[in-house]
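The numbering used here numbers the first residue of the sequence shown as 6 and each following residue consecutively.
Using N, Cα and C, we set each Cβ at its ideal position, and we do this for glycine too.
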Amino acid sequence: MSATVLPGTVVPAQHAKLKLGPGLIQKSDADGAGPSIITTRTGTLNHSSNGSKWWVESNSRRYVPAPQESVIGVVVQKVGDGFRVDIGAAHSASLDGLAFEGATKRNKPNLKIGCVVYARVSLAYKDMEPELECFDAQTRKAEGFGEVKGGFLVRCSLKMCRDLLNPKHFLLPLLGARFPLEAAVGMNGRVWINAKEPKQIIAMSRCIEAVDPDGGGMDEAGIKAFLGTLDI
6 MSATVLPGTV
16 VPAQHAKLKL
26 GPGLIQKSDA
36 DGAGPSIITT
46 RTGTLNHSSN
56 GSKWWVESNS
66 RRYVPAPQES
76 VIGVVVQKVG
86 DGFRVDIGAA
96 HSASLDGLAF
106 EGATKRNKPN
116 LKIGCVVYAR
126 VSLAYKDMEP
136 ELECFDAQTR
146 KAEGFGEVKG
156 GFLVRCSLKM
166 CRDLLNPKHF
176 LLPLLGARFP
186 LEAAVGMNGR
196 VWINAKEPKQ
206 IIAMSRCIEA
216 VDPDGGGMDE
226 AGIKAFLGTL
236 DI
């Protein structure tokens, strides 16, 4: 189901294991009728096939942190035993030095200012600084989270990131069929990419920018033709 909604729309979301994504909040009714789910932004209302996950998709310019979302950030300050990380939101996020797999008080990652990290939003409230963790919430293992080294950081629209996270989207499989690559996609409009040769990294970056709805909006046929003009 996809429907356009405005802020304040009541959503009929019901599931034993209901998870609310961006653009939705749960509020208690004053008349005691029980909690209700309402939208907080304009966009397209979506839900998973079994109705357990609901979210509002909108192509806003600024990222609004939501719990459990994966993001890519840049360390901008070291604060005590932790770090302050720019994730493109209204406020910088905090990343504790112990929020890494196997980290202890004596064995913590030594991140420098400018380091790029792939992290998960563990806590996010409207008027508070969001908090990040670099491990999976269930397994407590890194599962790919942590500092990402080398490569290149591409900035794109939030919708482009959501598209790239869709396993059915054509771009990353198409590029991966041409050369080995690494990619980490954040929900915050940032994509970290890496490949063996600089020209391949440049090609990936140009393709992401070309497919981005806020850029060229190129389709699969167009990208195939574009790749044919590149020396990769």
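In angstroms, rounded to a whole number, what distance separates the CA positions of S54 and D86?
Their Cα atoms are separated by approximately 42 Å.
Can we say the segment 120-132 touches the segment 176-185, given the rule of at least three CB pairs closer than 8 Å?
Contact between the segment 120-132 and the segment 176-185 is absent: fewer than 3 CB-CB pairs across the two stretches fall below 8 Å.
Please classify I262: is it buried, with 16 or more other beta-carbons within 10 angstroms of its beta-carbon, or exposed?
Here the chain comprises residues numbered 6 to 237, so residue 262 is not present and cannot be evaluated.
Continuous alpha helix (DSSP H) assignments of at least 4 residues falling wholly in the segment 163-223:
Whole alpha helix (DSSP H) segments, 4+ residues: 163-169, 176-181, 203-216.
E106 - containing alpha helix (DSSP H), residue span:
Run containing E106: none; DSSP gives neither H nor E here.
Leaving out the 5 sequence neighbours to the left and right, which residues in its chain are closer than 7 Å to T14 when beta-carbon positions are compared?
Excluding residues within five positions, the ones whose Cβ falls inside 7 Å are I43, T44.
Would you mind reading off the limits of the alpha helix (DSSP H) that contains L232?
225-233 is the extent of the alpha helix (DSSP H) around L232.
Bounding residues of the beta strand (DSSP E) (the contiguous stretch that carries P40):
Unbroken beta strand (DSSP E) run through P40: 40-44.
Pick from S63, G26, A71 that is closest to T9, judged by C-alpha positions:
Measuring C-alpha to C-alpha distances from T9 to each of S63, G26, A71 identifies S63 as the nearest.
Whole-Å CB distance - G191 paired with C166, under 8 Å assumed:
Between G191 and C166, the beta carbon gap of about 6 Å places them in contact (Cβ cut-off 8 Å).
For N55, the three-state DSSP class (helix, strand or coil)
Coil.
Take the Cβ of D2 as the centre, count every other Cβ of all protein chains shown within 10 Å, and call the residue buried at 16 or more, exposed below.
Summary: the structure shown does not reach residue 2, with the chain confined to residues 6 through 237, and so no result is reported for it.
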